[in-house]
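Colleague:
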Amino acid sequence: MLVDLNRILTKFPTQHLAYCFAYGSGVFQQAGRTDRAMVDLIFVVNDTHNFHRDNLTFNPNHYSSIRYLGPSILSSVQTSFGANVYFNTHITVGNLIFKYGIIDMKDFCQDLQSWRTLYIAGRLHKPVLTLHDKGLNDLVMHNLRSAMHAALLQLPEKFTETDLYIAIAGLSYRGDFRMIIGEDKNKVANIVQPQIEKFRALYTPVFKSLSDKLSMHSFIEQDKSLESKLYHLQKLPQNLKNILFRPYKNKFNDDRILEELAKQNNLSKIVRNGICRIVFYSSLMQSIKGIPTAGLLKSVVYSYNKLNKMVKSMFL
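If you count the sequence shown from 1, position 133 lands on 133 in the UniProt record's numbering, and the numbers rise without skipping.
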């Protein structure tokens, strides 16, 4: 798989790439999947306009008819709404079928730091196959720590390792428009169960940094004191904190708001609802964007496949 994916990269203007990863069921096994899944790729580029300009020369047939409007319009469509990602889908190279999303470095950094959309940040909460990296590992680790803090605020005092990874993997699916109308209803558990070892390897550095707040035996136990809740709240990404702060904003300063939130008996629900608000809007707008960027026929085929997976999952 790695050899095939690296071969695919040679078909693109890689001089513009800052980071690239492959993810999803086409790369990693998911429980209940026996069909040939599409490979998903994300290209983080230094300059969106220049990437589209050169990619239109390399791969004009990857684009829908919107390509005739030129790279400036493509860049504008990418960055104007949704999750600031432009997808080309149902591309075939050799034996691989894949889709790839293009995101500008600025938007990538903003999402991983603040969870502006949780669209790319959420994909990086789970194991991925990194194909190209120009020194962004610290930012990726910051995003993993944020995921851990958000998950712990939603978990009880005692839970299993699997519970933790399901909570983490589920962050970016809560409120996802596609989960409502066209995704496998068992998707999160199916992602985690075959990949426990990969999740463990991914989050071991984060566990070590929280050794004073987590105790790992046959179960994981966490400190649920007011001070610990306050600590996790302080570490949440800024966009999520902004949403959680809104009901209190005209009453208290930020430090007092964090204290008030930490006291809430339904804090888990408050955090969950805040994440849902981020995910719902970005996933809805990104799905709408997919109609002109993928083209009508590819959009219909993609939607049919998603709905088919959802129906199958409901009867398994």
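Quick reminder that beta carbons are idealized off the backbone N, C-alpha and C, glycines included.
In three-state terms, what does DSSP make of lysine 158?
Modeller: If DSSP states are grouped into helix, strand and coil, lysine 158 belongs with the strands.
Colleague: Just grab the DSSP bridge partners of serine 114 for me.
Modeller: Paired residue(s): none; serine 114 is not in a bridge.
Colleague: Check whether the Cβ atoms of phenylalanine 87 and glycine 101 sit closer than 7 Å, and answer yes or no.
Modeller: Contact flag set, yes.
Colleague: Apart from the five residues on each side of it in sequence, which residues of its chain come closer than 8 Å, Cβ to Cβ, to arginine 174?
Modeller: Excluding sequence neighbours, arginine 174 sits near Arg272, Ile275, Cys276, Val279.
Colleague: Where are the alpha helix (DSSP H) runs, 4 residues long or more, that stay fully inside the segment 71-105, in chain order?
Modeller: Listed in chain order, they are 71-80.
Colleague: How far does the alpha helix (DSSP H) with isoleucine 8 in it extend, from its first residue to its last?
Modeller: That run of the alpha helix (DSSP H) goes 2-9.
Colleague: Counting along the chain, where does the alpha helix (DSSP H) carrying tyrosine 19 start and finish?
Modeller: Not the alpha helix (DSSP H): tyrosine 19 falls in the beta strand (DSSP E), residues 17-23.
Colleague: Work out the CA separation of glutamine 264 and isoleucine 8 for me, nearest whole Å.
Modeller: For isoleucine 8 and glutamine 264, the distance between alpha carbons rounds to 50 Å.
Colleague: Please state whether DSSP places histidine 132 in a helix, a strand or coil.
Modeller: Residue state, collapsed to three classes: strand.
Colleague: Go ahead and label asparagine 55 buried or exposed: buried means 16 or more other beta carbons lie within 10 angstroms of its beta carbon, across all protein chains shown.
Modeller: Asparagine 55 is buried by the Cβ-count criterion.
Colleague: Expressed to the nearest angstrom, what Euclidean distance is found between the alpha-carbon atoms of aspartate 223 and leucine 139?
Modeller: Cα to Cα, aspartate 223 sits roughly 26 Å from leucine 139.
Colleague: Using 8 Å as the threshold, is the segment 162-171 in touch with the segment 119-126, meaning 3 or more CB pairs across them?
Modeller: Yes, the segment 162-171 touches the segment 119-126.
Colleague: Which of the three DSSP states is assigned to glutamine 193 in this structure?
Modeller: Three-state result, glutamine 193: helix.
Colleague: Can you confirm whether the segment 238-257 touches the segment 104-119 when touching is taken to mean that 3 or more C-beta pairs between the two stretches lie within less than 8 Å?
Modeller: Contact holds: three or more Cβ-Cβ distances are below 8 Å.
Colleague: Is leucine 258 helix, strand or coil when you go by DSSP?
Modeller: DSSP places leucine 258 in helix when its eight states are reduced to three.
Colleague: Decide if the segment 215-231 is in contact with the segment 253-264; the criterion is three or more beta carbon pairs, one per stretch, under 8 Å apart.
Modeller: Flag = yes, the segment 215-231 and the segment 253-264 touch.
Colleague: So, with DSSP's three-state summary, where would you put leucine 139?
Modeller: Here leucine 139 sits in helix by DSSP.
Colleague: Taking just the CA atoms, how far does aspartate 133 sit from methionine 1?
Modeller: Distance between the alpha carbons of methionine 1 and aspartate 133 is about 18 Å.
Colleague: Candidates Leu118, Ile91, Leu69: which alpha carbon is nearest asparagine 84's?
Modeller: Looking at the Cα atoms, Leu118 is the closest of the given residues.
Colleague: Let's test the definition: count the other Cβ atoms within 10 Å of the Cβ of histidine 217 and tell me whether it reaches 16, buried, or not, exposed.
Modeller: Burial call: exposed.
Colleague: Note down, in chain order, each residue of its chain lying with its Cβ closer than 6 Å to the Cβ of isoleucine 42, except the 5 sequence neighbours on either side.
Modeller: The answer, listed in chain order, is Phe21, Gly101.
Colleague: Find out if the Cβ-Cβ distance for the pair phenylalanine 28, glutamine 195 is shorter than 7 Å.
Modeller: Taking 7 Å as the Cβ cut-off, phenylalanine 28 and glutamine 195 qualify as a contacting pair.
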